[in-house]
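In the numbering used here, the protein residues as written are 8 to 138.
Have a look at the structure below before the remarks.
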């Protein structure tokens, strides 16, 4: 998991894909953290991405490094929102406190389970890890 976390933090704009019915939807994300040994992401429960993950928790994340390596991460979203997880998010990414608060009913955290991450290079090298 740490290799995936580091890659995402080193390439801080990554893209998270869901489905809306049978239509794919992709959007940029920028927050990820390790909380309680699990890779967590955050969003607003006012956004379509939240509704899509509640309806179908399977999602993928992808990003590319400046040198052309890329990551595809797939798994299942499990929501884990409480004051402690929110505070950990704000400690990890202080910019979140400009948008959300620990006491709001909007900010949601979810972690990935059944995770499979594939790292690839432009040369065709590939490595897959599961966590």
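Built from N, CA and C at the ideal position, the CB exists for glycine as well.
A quick note: this is a predicted structure, and the numbers were derived from the prediction, not measured.
Nearest to residue 33 by alpha-carbon distance, out of 70, 126, 137, is 70. The DSSP assignment places complete alpha helix (DSSP H) segments of no fewer than 4 residues inside the stretch 40-113 at 55-62, 90-99, in order along the chain. Sixteen is the threshold: when 16 or more other Cβ atoms of the shown chains lie within 10 Å of the Cβ of residue 115, as they do, the residue is buried. For residue 16, no beta strand (DSSP E) run applies; the uninterrupted alpha helix (DSSP H) run containing it begins and ends at 9-17, by DSSP. DSSP places residue 21 in the uninterrupted beta strand (DSSP E) bounded by 21-27.
Annotation for residue 36: the continuous beta strand (DSSP E) segment containing it runs 30-36.
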